[in-house]
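Asker: Numbered according to this note's numbering, the sequence shown spans residues 28 to 424. Sharing a structure here in structure tokens format.
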Amino acid sequence: MLYTAFEQQARALWPLRAWARAAVPMLGNGHGTPSQRQMAAALETMRLAEITHQRPPWGIAEVGERAVVEEAALVTPFATLTHFAKPGAPAQPRVLLVAPMSGHFATLLRDTVRTMLADHDVYVTDWHSAREIPLRAGRFGLEEYTEHLMQFLRTMGTGSHLVAICQPCVAALAATALMSEDDDPAVPASLTLMAGPIDCRISPTAVNTLATRKSIEWFERNLISCVPLPLKGAGRRVYPGFVQVGAFMGMNRQRHIDAFRNYYMALVDADHDTSEPIRRFYEEYLAVSDLPAEFYLETVKLVFQDYALPRGELRWRGRTIDPSAIRRTALVTVEGERDDICAPGQTLAAQDLCSKLRPYMRTHTVQAGVGHYGVFSGRKWQQHIYPMLRDVIHVSQ
28 MLYTAFEQQA
38 RALWPLRAWA
48 RAAVPMLGNG
58 HGTPSQRQMA
68 AALETMRLAE
78 ITHQRPPWGI
88 AEVGERAVVE
98 EAALVTPFAT
108 LTHFAKPGAP
118 AQPRVLLVAP
128 MSGHFATLLR
138 DTVRTMLADH
148 DVYVTDWHSA
158 REIPLRAGRF
168 GLEEYTEHLM
178 QFLRTMGTGS
188 HLVAICQPCV
198 AALAATALMS
208 EDDDPAVPAS
218 LTLMAGPIDC
228 RISPTAVNTL
238 ATRKSIEWFE
248 RNLISCVPLP
258 LKGAGRRVYP
268 GFVQVGAFMG
278 MNRQRHIDAF
288 RNYYMALVDA
298 DHDTSEPIRR
308 FYEEYLAVSD
318 LPAEFYLETV
328 KLVFQDYALP
338 RGELRWRGRT
348 IDPSAIRRTA
358 LVTVEGERDD
368 ICAPGQTLAA
378 QDLCSKLRPY
388 MRTHTVQAGV
398 GHYGVFSGRK
408 WQQHIYPMLR
418 DVIHVSQ
């Protein structure tokens, strides 16, 4: 009922939003009279607040003097392994960047990809929105997610590197442990875990507290919906992206209210230096992607409630995940000092779990002054975190 109600509301508001988009140019695009600028700014602010389900373009056409071409290296019903090829470029370390499946599209990592492309051959897990995946494609839970990472690494070939951001850190560590245990030739040469919930018992955040305050039955009963007709994924049970984004925005409600107010005022004043970053952020942030219900519920249960990985109880196809099997893969853990989603210490826990790794194969850093998103985007990511990560990858070839 929740998803059906959302779709009905979206269809009801479509004529108004379409009129708003058409009216802004007629009002002078911010160059008319004061009253026209105010009206145009109000309509444009309303347009920006719209939740969409379309993946934004990557928009990465070049890096340095090299052209960048997007290629689909492998496609499954649930994801595309997107390769940012640089025709004519010399050989560089291959990196699989694992994007979170958390209500947004992989393009949320645009800054991460653009930065890494300077020195690496970059591949990304471009997850598909569950509302577009037919029921006949089957289930997609934490085991299938982990299997996708191993399949992608095998497609990329021996000697690749694995970089996981936020939620997929658990699956990335599990995949590396399984491949190490099997002496898989495609086991990653290095594994980087950035702001990930390896052990949520450490310094619990508001996100962790919410997960433990309710039973898994509550989450299933209140947050899971069926995709309605006529969408391709009709009948599939999902955790809607609009619910996830609404929850995130609710955690910092005043910050978002202030951002939209600032956007409106900047448009009225024709202050493009202020309005453009806000517009770019929310066009990306409000483009939502639905999660398969199995994946969402298993993540809540196993990662945030049962702490299955640090307790040695996480299993894949009947096999217990043993991070101590990792012996030849260099490990990097990165945390943000001000991260209010994945607190410092939760990702560091991976270092203790990988108990058989030699000291020279371990690196850990806490970046001062950054929150969750600052770990993989923005100035401190580019100037401090990335150079360290680049150096580890290049010496781990």
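A virtual CB, placed ideally from N, CA and C, is assigned to each residue, including glycine.
Note down, in chain order, each residue of its chain lying with its Cβ closer than 8 Å to the Cβ of E426, except the 5 sequence neighbours on either side.
Answerer: This structure cannot settle anything about residue 426, because the visible part of the chain is limited to 28 through 424.
Asker: To the nearest angstrom, how far is it from the Cα of D298 to the Cα of A201?
Answerer: The sequence position of residue 298 within the sequence shown is 271, counting from 1. The sequence position of residue 201 within the sequence shown is 174, counting from 1. Taking the straight line joining both Cα atoms gives about 48 Å.
Asker: Write down every uninterrupted run of the beta strand (DSSP E) in the stretch 223-273 whose length is 3 residues or greater and which is fully enclosed by it, in chain order.
Answerer: 264-266
Asker: Which residue wins for smallest C-alpha separation from P84, given the options P371, R338 and F132?
Answerer: Counting from 1 along the sequence shown, the entry for residue 84 is found at position 57. Ranking P371, R338 and F132 by Cα distance to P84 puts F132 first.
Asker: Using three-state DSSP, classify T79 as helix, strand or coil.
Answerer: Along the sequence shown, one-based indexing puts residue 79 at 52. Three-state DSSP puts T79 in a strand.
Asker: According to DSSP, which residues form a beta bridge with W408?
Answerer: Position 381 of the sequence shown holds residue 408. Per DSSP, none; premise fails for W408.
Asker: In whole angstroms, what is the alpha-carbon distance linking Y290 and E364?
Answerer: As a first step, residue 290 is located in the sequence shown; it is residue number 263 there, counting from the start. As a first step, residue 364 is located in the sequence shown; it is residue number 337 there, counting from the start. Y290 and E364: Cα-Cα distance of roughly 28 Å.
Asker: With a Cβ-Cβ cutoff of 8 Å, do T360 and Q378 count as a contact?
Answerer: As a working mapping, residue 360 is identified with position 333 in the sequence shown. As a working mapping, residue 378 is identified with position 351 in the sequence shown. Yes.
Asker: Secondary structure at E11, three-state DSSP: helix, strand or coil?
Answerer: Here the chain comprises residues numbered 28 to 424, so residue 11 is not present and cannot be evaluated.
Asker: Going by beta carbon distance, what residues of the same chain come within less than 8 Å of W154, once the five residues before and after it are set aside?
Answerer: If you number the sequence shown from 1, residue 154 lands on position 127. For W154, where only same-chain residues beyond five positions count, the Cβ hits under 8 Å are F105, A106, A126, M128, F132, A133 and S316.
Asker: By the DSSP assignment, the beta strand (DSSP E) with M221 in it spans what residues?
Answerer: In the sequence shown, residue 221 corresponds to position 194, counting from 1. Counting along the chain, the beta strand (DSSP E) containing M221 begins and ends at S217 to M221.
Asker: Taking the CB atoms as reference points, tell me whether L162 and G262 lie closer together than 8 Å.
Answerer: Counted from its first residue, the sequence shown places residue 162 at position 135. Counted from its first residue, the sequence shown places residue 262 at position 235. Going by C-beta atoms, L162 is nearer than 8 Å to G262.
Asker: Can you give the beta carbon distance from R166 to E325, rounded, assuming they're within the 8 Å contact cut?
Answerer: As a working mapping, residue 166 is identified with position 139 in the sequence shown. As a working mapping, residue 325 is identified with position 298 in the sequence shown. At roughly 10 Å, the Cβ-Cβ gap does not stay under 8 Å, so R166 and E325 are not in contact.
Asker: Measure the beta-carbon distance from T142 to Y413 and round it to whole angstroms, keeping in mind my assumption that it falls under 8 Å.
Answerer: Counted from its first residue, the sequence shown places residue 142 at position 115. Counted from its first residue, the sequence shown places residue 413 at position 386. With a Cβ gap of about 5 Å, T142 and Y413 count as contacting.
Asker: Based on the DSSP secondary-structure assignment, which residues constitute the bridge partners of P319?
Answerer: On the sequence shown, position 292 is the one that residue 319 refers to. Answer by DSSP bridge pairing, in chain order: V265.
Asker: Count the other CB atoms, across all protein chains shown, that sit within 10 Å of the CB of E362; report buried if there are 16 or more and exposed otherwise.
Answerer: As a first step, residue 362 is located in the sequence shown; it is residue number 335 there, counting from the start. Buried is the call here.
Asker: At a cut of 8 Å, does the stretch 96-116 reach the stretch 334-350 through at least three beta carbon pairs?
Answerer: The answer is no - the stretch 334-350 does not touch the stretch 96-116, with fewer than three Cβ pairs under 8 Å.
Asker: What does DSSP give as the partner residues of H7 in its beta bridges?
Answerer: This structure leaves residue 7 out entirely; the chain is present only between 28 and 424.
Asker: Our contact map puts C381 next to S351 with C-beta atoms below 8 Å; I'd like the distance itself, whole angstroms only.
Answerer: For the purposes of this step, residue 381 is taken as residue 354 along the sequence shown, with counting starting at 1. For the purposes of this step, residue 351 is taken as residue 324 along the sequence shown, with counting starting at 1. The pair is a contact, with the Cβ atoms about 7 Å apart (cut-off 8 Å).
Asker: Look up F179 in the DSSP assignment and say whether it is helix, strand or coil.
Answerer: What you label residue 179 is simply residue 152 of the sequence shown in a count that begins at 1. In this structure, F179 counts as helix in the three-state DSSP scheme.
Asker: Report the rounded CA-to-CA distance for W343 versus V330, giving the unit in angstroms.
Answerer: In the sequence shown, residue 343 corresponds to position 316, counting from 1. In the sequence shown, residue 330 corresponds to position 303, counting from 1. If I take the Cα positions, the gap works out to 14 Å.
Asker: With a Cβ-Cβ cutoff of 8 Å, do C18 and A274 count as a contact?
Answerer: Residue coverage of the chain in this structure runs from 28 to 424, which leaves residue 18 outside it and unanswerable.
Asker: Take every Cβ of the stretch 176-186, pair it with every Cβ of the stretch 200-217, and state whether three or more of those distances are shorter than 8 Å.
Answerer: yes
Asker: Please state the DSSP three-state secondary structure of L380.
Answerer: In the sequence shown, residue 380 corresponds to position 353, counting from 1. Helix, per DSSP.
Asker: What does a CB cutoff of less than 8 Å around I192 pick up in its chain, not counting 5 residues either side in sequence?
Answerer: Locating residue 192 in the sequence shown gives position 165, counting from the first residue. Excluding five sequence positions before and after I192, the CB atoms of its chain that fall closer than 8 Å to its own CB belong to L124, V125, A126, P127, L136, T139, M221, A222, G223, V402 and F403, given in chain order.
Asker: Run through DSSP, which three-state label would I192 get?
Answerer: Here residue 192 is taken as the residue at index 165 of the sequence shown, counted from 1. Assigned with DSSP and collapsed to three states, I192 falls in strand.
Asker: For the beta strand (DSSP E) that R141 lies in, which residues bound it at each end?
Answerer: As a working note, residue 141 is residue 114 in the sequence shown. It is not in any beta strand (DSSP E) - R141 instead sits in the alpha helix (DSSP H) that spans R137 to M143.
Asker: If you measure between the beta carbons of E71 and L313, is that distance less than 8 Å?
Answerer: Position 44 of the sequence shown, counting from 1, holds the residue named residue 71. Position 286 of the sequence shown, counting from 1, holds the residue named residue 313. Result no, Cβ atoms of E71 and L313 do not sit closer than 8 Å.
Asker: Considering just the uninterrupted stretch of the alpha helix (DSSP H) at L285, what are its terminal residues?
Answerer: In the sequence shown, the residue the question calls residue 285 occupies position 258. Before going further, note that residue 285 is Asp rather than Leu in the sequence given. Taken as a continuous stretch (DSSP letters only), the alpha helix (DSSP H) holding D285 covers R280 to V295.
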